[in-house]
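Residue numbers (the working numbering), protein chains in the order written: chain H, 1 to 171; chain R, 172 to 238.
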Amino acid sequence: MIRLVGSALVVVACAGMGFAIARGYRERPRQLQHLMEALRLLKVEIEFTATPLPQALRRVAERSTDPIRGLFAATADALARPGVTVAEAWMAGYEQVRRRSYLVPADLEVLVSFARTLGTSDSVHQIQHVDATLAQLEGLWREAAALQERYAKLAQYVGVLGGLFVVILLN
Amino acid sequence: MTPEIRAIFQVAGIGFLVAILHTILKQSGKEDFAYWTSLIAFVAVFVIVIGYVDHLYKEIERVFLQL
């Protein structure tokens, strides 16, 4: 009886590990897409309505979903304090998203380089910077989607089968 | 279930699982991992079988050589 329970626990643990890895592969392209959507919204705010940056960030935060909303909300909050530059505020938001999202260092690097350009020039150049960032993210998204297609299912199968393998070996 | 029958099922199960794993890994382009899993499974089965072969030789020695 106790043997059966232990075997079940081993299988569940290994399968859980596989599913967690697969979740990482699935979430990354989704979050990159949300990030691109949010940046497009920011671009629209800058381009057509010329909203001041704190308000624009706040509006983008309202319209996006969780890990990405954290980025924009924390940036807007940090920007509300006096004597904070936009780059510093963006880095505060970046710290939020770095800990809570499935984005990899290559994606985060794009966000850091975006921080250096945000709020340093007029709206025309801002839009160009946003476009450049969007193009970079698009490339990363393609890569992430290809990885997902290849490895998300694989991680699940290997997790479950590896668990069964260990159970058979131990019995 | 006697221990011998259990060992046969164990080896068969390992063979079955590793066949599936090998196919899946190879299909998704991880051929080096596929060969590693096969090798690890081979070693695991070898360790199991060596125990029984050892037992068999001891038994032959005991029966025929009267040591």
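Ideal placement from N, C-alpha and C gives every residue a C-beta, glycine not left out. If you're wondering where the values come from, they're calculated on a predicted model, not measured in any experiment.
Item: For the candidate residues H:101, H:50, H:149, whose alpha-carbon lies nearest to that of residue 71 of chain H?; Value: H:101
Item: Measure the CB-CB distance between residue 181 of chain R and residue 171 of chain H and report whether it falls below 8 angstroms.; Value: yes
Item: What residues in its chain sit with their C-beta under 7 angstroms from that of residue 178 of chain R, if we drop five residues either side in the sequence?; Value: 219, 223
Item: Please state whether the Cβ-Cβ distance between residue 18 of chain H and residue 158 of chain H is less than 8 angstroms.; Value: yes
Item: Residue 32 of chain H and residue 144 of chain H - do their beta-carbons sit closer together than 8 angstroms?; Value: yes
Item: Using beta carbons (cut-off 8 angstroms, strictly below), is residue 150 of chain H in contact with chain R?; Value: yes
Item: Grouping DSSP H, G and I as helix and E and B as strand, with all else coil, what is residue 1 of chain H?; Value: coil
Item: Note down the Cα distance separating residue 189 of chain R from residue 202 of chain R, rounded to an integer number of angstroms.; Value: 13 angstroms
Item: Would you verify that the beta carbon of residue 185 of chain R is, or is not, closer than 8 angstroms to some beta carbon of chain H?; Value: yes
Item: According to DSSP, is residue 203 of chain R part of a helix, a strand, or is it coil?; Value: helix
Item: Return the CA-CA distance between residue 139 of chain H and residue 13 of chain H, expressed in angstroms with no decimal places.; Value: 35 angstroms
Item: Would you verify that the beta carbon of residue 210 of chain R is, or is not, closer than 8 angstroms to some beta carbon of chain H?; Value: no
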